[in-house]
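Here is the structure we will look at, set down as structure tokens.
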Amino acid sequence: MAAWLDALRAVAEPTRVRLLAICAAGEWTVSELTQVIGQSQPRVSRHLKVLADAGLLERFREGAWVFYRLAPGALGRALVELLPPAAELAADRRRLDAVRLERQRRAQAYFDGQAAAWEQVRALTVGDAEVDAAIRALLREEPPSSLIDIGTGTGHMLRLAAPVVEFGLGIDLSLDMLSVARANLDLAGVSHCQLRHGDMYQLPVADRAFDCAILHQVLHFAAEPAAAIREAARVLAPGGRLIVVDLAPHGVERLREEFAHRRLGFADDEIEAWVRAAGLVPGQARRLAGKVATIVLWQARAAGAVGQTRAEAALTARSAAA
């Protein structure tokens with residue numbers, strides 16, 4: 001009852017109602033919220049603090065930027081669902097669309113600068129559609145309620161998993177890539193997945209929080225791939241599954257010289273040794289042979305059985321990521 005009363009007091013002001021509705025639609029910087037609301041940044045910041053103090057919004061920093069989003073739990077979502085149609089809220093949604101378009105424009109500019117290099121790498125392996133289909137099949141075999149995508153890049157794995165997960169979290173060390181991923185999730189209408197700035201060796205989430213973790217085309221960049229797998233294992237719930245998608249051993253030396261690949265692929269026994277050392281049980285691998293290099297989907301599982309419902313597991317992951 002006390003939490004409800006605090007929440008009702010927090011939204012007893014028109015601007016804060018508008019901010020709550022906007023933050024239910026994604027993650028936004030104070031600057032973006034200021035554009036939508038049309039008020040000064042100090043005033044918007046004061047309103048945001050009231051909502052955050054009441055547990056309705058959560059605040060997180062990404063480099064020099066601070067983002068706000070709807071806090072996990074039912075309270076904020078319940079209040080948003082009670083909001084009546086209003087001209088101000090409709091106008092905010094139109095201005096929010098303009099902010100989304102600007103995000104997409106900046107993301108596309110960054111992507112265009114990287115596209116040529118990515119295309120050269122893709123030409124050596126099977127097509128993206130075939131890899132996506134194989135990953136999608138793995139996820140549908142055993143739909144996870146919560147998923148963490150480590151080294152999310154453009155957020156592609158989150159968009160791929162969105163139809164089958166209740167909550168997804170993408171982690172990346174590159175602020176530029178997070179901007180691209182955020183724009184892509186907005187464009188795809190994926191509101192139940194979030195992004196976080198973080199290091200794959202020190203994930204900013206609690207132990208045993210997710211029932212699926214993905215390392216998609218990440219390990220070949222890693223200075224310590226065994227440590228990355230060990231950290232992924234740390235955040236897996238009992239019975240949770242790790243999926244590693246990367247290249248089998250190959251001899252394309254220019255990937256190291258031109259595209260910063262630290263490793264020219266991984267052998268099955270090498271991956272198996274790392275997952276066993278991390279306390280996981282290796283599973284079946286799937287291989288997709290390309291023109292020059294083969295992509296492998298390795299699987300491993302944490303010991304134990306998941307004891308939560310999908311909704312409970314998703315809430316646990318949201319709370320662990322807060």
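Heads up: the sequence shown begins at 1 in this note's numbering, then just goes up one per residue. Positions of the beta carbon are idealized from the N, C-alpha and C atoms, including for glycine.
Inspect the beta-carbon positions of residue i and residue j and report whether they are closer than 7 Å.
i, j, result
"ALA10", "LEU75", "no"
"HIS220", "ARG256", "no"
"GLU58", "ALA78", "no"
"LEU288", "VAL80", "no"
"ALA7", "LEU56", "yes"
"PHE67", "THR34", "no"
"LEU147", "ALA161", "yes"
"ILE271", "VAL131", "no"
Let me check understanding here. Comparing Cα to Cα, which of the options lies closest to residue i?
i, options, result
"GLY151", "VAL180, ALA7, VAL30", "VAL180"
"LEU97", "ASP211, GLY290, ALA206, ILE37", "One point to set straight first is that residue 97 is Asp, not Leu, in the sequence displayed. Out of ASP211, GLY290, ALA206, ILE37, ILE37 has the C-alpha closest to the C-alpha of ASP97."
"ALA261", "ARG196, ALA223, VAL164, TYR201", "Checking the sequence, you will find His at residue 261 rather than Ala. Among ARG196, ALA223, VAL164, TYR201, the Cα nearest to that of HIS261 belongs to ALA223."
"VAL164", "LEU178, ARG182, SER145", "SER145"
"ARG95", "GLU32, LEU56, VAL66", "GLU32"
"ASP186", "VAL66, ALA7, VAL99", "VAL99"
"LEU48", "VAL245, PRO14, ARG287, VAL296", "PRO14"
"GLY265", "PHE60, ALA293, LEU19", "ALA293"
"GLY283", "ALA277, LEU297, ALA109", "LEU297"
"LEU242", "VAL281, GLU258, ALA277", "VAL281"
"SER174", "GLY198, LEU8, ARG43", "GLY198"
"ALA90", "ARG159, LYS291, ARG18, PHE259", "ARG18"
"GLN104", "ASN184, GLN41, ILE229", "ASN184"
"ALA54", "ARG159, LEU5, ASP176, ALA109", "LEU5"
"PRO204", "ALA12, GLY73, ARG61", "ARG61"
"GLU253", "LEU124, ALA129, LEU83, LEU139", "LEU124"
"ARG276", "ASP176, ILE229, LEU83", "ILE229"
"GLY290", "GLU102, MET1, ASP128, ARG140", "ASP128"
"ALA372", "GLY73, GLU142, LEU101", "Limits of the chain in this structure are 1 at one end and 322 at the other, which puts residue 372 out of reach."
"ALA12", "GLY251, LEU83, ARG286", "LEU83"
For residue i, which residues in the same chain have their Cβ closer than 7 Å to its Cβ, ignoring the five residues on either side in sequence?
i, result
"LYS93", "Note that residue 93 is Arg in the sequence shown, not Lys. Nothing meets the Cβ criterion."
Using the beta-carbon count (16 or more within 10 Å), is residue i buried or exposed?
i, result
"HIS192", "exposed"
"ARG16", "buried"
"TRP274", "buried"
"GLY240", "buried"
"ALA87", "exposed"
"PRO225", "buried"
"GLY279", "exposed"
"GLU166", "buried"
"ASP269", "exposed"
"LEU101", "exposed"
"GLY63", "exposed"
"GLY168", "buried"
"ARG140", "exposed"
"LEU247", "buried"
Take residue i and list the residues in its own chain whose beta-carbon comes closer than 6 Å to its own, dropping the five residues that flank it on each side.
i, result
"VAL157", "The residue you asked about is not Val; residue 157 is Met in the sequence shown. Excluding residues within five positions, the ones whose Cβ falls inside 6 Å are ASP149, ILE214, HIS216."
"TYR201", "ALA227, GLU231"
"PHE267", "What sits at residue 267 in the sequence shown is Ala, not Phe. Cβ within range, chain order: PRO249."
"LEU195", "GLY170, LEU178, ALA181, ARG182"
"PRO42", "none"
"PRO143", "VAL164"
"VAL244", "LEU215, TRP298"
"TRP65", "THR29"
Among residues of its own chain, excluding the 5 on either side of residue i, which ones have a beta-carbon nearer than 8 Å to its beta-carbon?
i, result
"SER45", "VAL30"
"VAL121", "LEU255, PHE259"
"GLY251", "LEU264"
"ARG408", "An answer regarding residue 408 cannot be provided, because it is not within the stretch 1 to 322 covered by the chain."
"SER40", "THR34"
Please confirm if residue i has its CB atom under 7 Å from at least one CB of chain B.
i, result
"PRO85", "The chain inventory of the structure shown lacks chain B, comprising one protein chain alone."
Counting Cβ pairs, one atom from each stretch, are 3 or more of them under 8 Å apart for the stretch 137 to 152 and the stretch 208 to 220?
Using a C-beta cut-off of 8 Å, the stretch 137 to 152 makes contact with the stretch 208 to 220, since at least three inter-stretch Cβ pairs fall below that distance.
Counting beta carbon pairs with one atom in the stretch 284 to 304 and one in the stretch 230 to 247, are three or more of them shorter than 8 Å?
Result yes; three or more Cβ-Cβ pairs closer than 8 Å.
Using 8 Å as the Cβ pair cut-off and three pairs as the minimum, do the stretch 182 to 191 and the stretch 20 to 28 touch?
Yes, since at least three Cβ pairs between the stretch 182 to 191 and the stretch 20 to 28 fall closer than 8 Å, the two stretches touch.
Are the stretch 201 to 210 and the stretch 125 to 141 in contact at 8 Å, needing three or more beta carbon pairs?
Result no; under three Cβ-Cβ pairs closer than 8 Å.
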